[in-house]
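J.:
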Ligand code: DGL
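Numbering (our numbering), first residue to last: 1 to 278.
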């Protein structure tokens, strides 16, 4: 970046769909004066089965769009996009602040008493270097049981996080883990906190569920403070954009966050995201 960003510039955030809203709501709560720009790349949801290369290309396209909108920091509330693109984005834009995510194996390993931890994340997240690195650094002495919950992201995108199919997918993942003594579950995909009630129903009250959203919001706050980039202005505004169907996204934002918003459309053209004129 050649010009230094202004504290009043927005923070950019993106995910394949509505999952990142589970982190966005924590950022809205912790940083109420910040303007936010949230992009859901719903033309390509789910990212999870697409593989590292394709998700990297898509993530770079979304990040470029956010930069063109003048954001001062980009948070990637998507484990899959972070796995595929965080290193590449930091290399391409040295000095620009990015906050990414990785499955929260560290706190899980610190808190488990049975030594059996379940990690729910996407196939691309499991394939990435970030996951390999957290397992190597923090997974020693702990049994990590992994499941990619195929189909669960689509259920949550469809507003069915509490539906029979979501419950079937989660039972198939979690019941074998419970049989092995699971006492901690890492929600390693930002869509999954929206299935919290379903997961709780399956595992019961004694199993710890780790949602990293508050920690990610704290990290964003710390980076803004370190760079002198906190917005001193009045209450912030969040703009929502999607490369999918704006009306469907509007309905999800209302259901999941209780916010009545207008979602703006985006479309991909030659690898670039562009606003759709309303
Ligand atoms: N919410 C995302 C994640 O945290 C992506 C899920 C998907 O699109 O497959 O991994």
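Note that beta-carbon positions come from the ideal geometry of N, C-alpha and C, so glycine has one too. Note that the coordinates shown come from a computational prediction; the quantities given were computed from them, not determined experimentally.
Extract the residue ranges of the beta strand (DSSP E) inside the segment 216-252, only unbroken runs of 3 or more that lie entirely within it.
T.: 238-242, all fully within the segment 216-252.
J.: If contact is defined by three or more beta carbon pairs under 8 angstroms, each pair taking one atom from either stretch, is the segment 247-260 in contact with the segment 100-114?
T.: No: fewer than three Cβ pairs fall under 8 angstroms.
J.: For residue 173, which option in 159, 203 and 194 has the closest C-alpha, if you only look at C-alpha atoms?
T.: Within the chain shown, residue 173 is the residue found at index 173, counting from 1. The option with the nearest alpha carbon to residue 173 is 203.
J.: May I ask whether a heavy atom of the ligand DGL can be found less than 7 angstroms away from the beta carbon of residue 242?
T.: Residue numbering aside, residue 242 sits at position 242 when the chain shown is read from its first letter. Not so, every heavy atom of the ligand DGL lies at least 7 angstroms from the Cβ.
J.: Checking the sheet assignment: what are the DSSP bridge partners for residue 273?
T.: Taking the chain shown and counting its residues from 1, one reaches residue 273 at position 273. DSSP output for residue 273 lists 268 as bridge partner(s).
J.: Looking at the ligand DGL, does it come within less than 7 angstroms of residue 149, judged from the CB to the closest heavy atom?
T.: Residue 149 sits at position 149 when you count from the first residue of the chain shown. No.
J.: Alpha carbon to alpha carbon, how far is residue 206 from residue 117? Give it in angstroms, no decimals.
T.: Along the chain shown, one-based indexing puts residue 117 at 117. Along the chain shown, one-based indexing puts residue 206 at 206. Distance between the alpha carbons of residue 117 and residue 206: 13 angstroms.
J.: Please say whether residue 124 and residue 51 have beta carbons closer to each other than 8 angstroms?
T.: Here the question's residue 51 lines up with position 51 in the chain shown. Here the question's residue 124 lines up with position 124 in the chain shown. For residue 51 and residue 124, yes; Cβs fall inside 8 angstroms.
J.: Could you pull out every residue in the same chain whose Cβ sits closer than 6 angstroms to the Cβ of residue 262, ignoring the five residues on either side in sequence?
T.: Residue mapping note: residue 262 aligns to position 262 of the chain shown, counting from 1. Result list for residue 262: empty, nothing under 6 angstroms.
J.: Helix, strand or coil for residue 262? Go by DSSP, reduced to three states.
T.: Your numbering for residue 262 matches position 262 in the chain shown. If DSSP states are grouped into helix, strand and coil, residue 262 belongs with coil.
J.: Taking 7 angstroms as the cut-off, is the beta-carbon of residue 205 closer than that to any non-hydrogen atom of the ligand DGL?
T.: Within the chain shown, numbered from 1, the residue matching residue 205 stands at position 205. False, no ligand heavy atom lies under 7 angstroms from that Cβ.
J.: Going along the chain, which residues of its own chain have a beta-carbon closer than 7 angstroms to the beta-carbon of residue 25, five neighbours each way excluded?
T.: Position 25 of the chain shown, counted from the first residue, corresponds to residue 25. Once the five neighbours on either side are set aside, the close Cβ partners of residue 25 are 257.
J.: Would the segment 20-38 count as touching the segment 229-236 if we require 3 or more Cβ pairs under 8 angstroms?
T.: Segments in contact, yes.
J.: Might you give, ordered along the chain, the residues of its own chain that have their beta carbon closer than 8 angstroms to the beta carbon of residue 115, omitting 5 neighbours on each side?
T.: Residue numbering aside, residue 115 sits at position 115 when the chain shown is read from its first letter. Closer than 8 angstroms at Cβ, skipping near neighbours: 141, 142, 143 and 181.
J.: State buried or exposed for residue 2, treating a residue as buried only when at least 16 other CB atoms are found within 10 Å of its CB.
T.: Looking up residue 2 in the chain shown gives position 2. In this predicted model, residue 2 has a pLDDT of only 48, less than 50, meaning its place in the structure is not dependable; the value taken from the coordinates is given anyway. Exposed, because fewer than 16 other Cβ atoms sit within 10 Å of the Cβ of residue 2.
J.: Looking only at DSSP bridge pairs, what is residue 90 linked to?
T.: Taking the chain shown and counting its residues from 1, the one referred to as residue 90 is at position 90. For residue 90, which the question treats as bridged, DSSP gives no partner whatsoever.
J.: Out of 238, 246, 155 and 277, point me to the one whose CA is closest to residue 41's CA.
T.: As a position in the chain shown, residue 41 is number 41, starting the count at 1. Checking every option, the nearest Cα to that of residue 41 belongs to 246.
J.: Take residue 76 and list the residues in its own chain whose beta-carbon comes closer than 6 angstroms to its own, dropping the five residues that flank it on each side.
T.: Counting from 1 along the chain shown, the entry for residue 76 is found at position 76. 82 and 100, listed in sequence order.
J.: Could you tell me if residue 84 is buried or exposed, where buried requires 16 or more neighbouring beta carbons within 10 angstroms of its beta carbon?
T.: On the chain shown, residue 84 is found 84 positions in, with the first residue counted as 1. Per the 10 Å Cβ criterion, buried.
J.: Quick one: what's got a C-beta closer than 6 angstroms to residue 130's C-beta in the same chain, skipping five residues either side?
T.: As a working note, residue 130 is residue 130 in the chain shown. Hits under 6 angstroms: 83 and 102.
J.: From residue 23 to residue 132, what does the alpha carbon distance come to, in whole angstroms?
T.: Translated into the one-based positions of the chain shown, residue 23 becomes position 23. Translated into the one-based positions of the chain shown, residue 132 becomes position 132. Whole-angstrom Cα-Cα distance: 23 angstroms.
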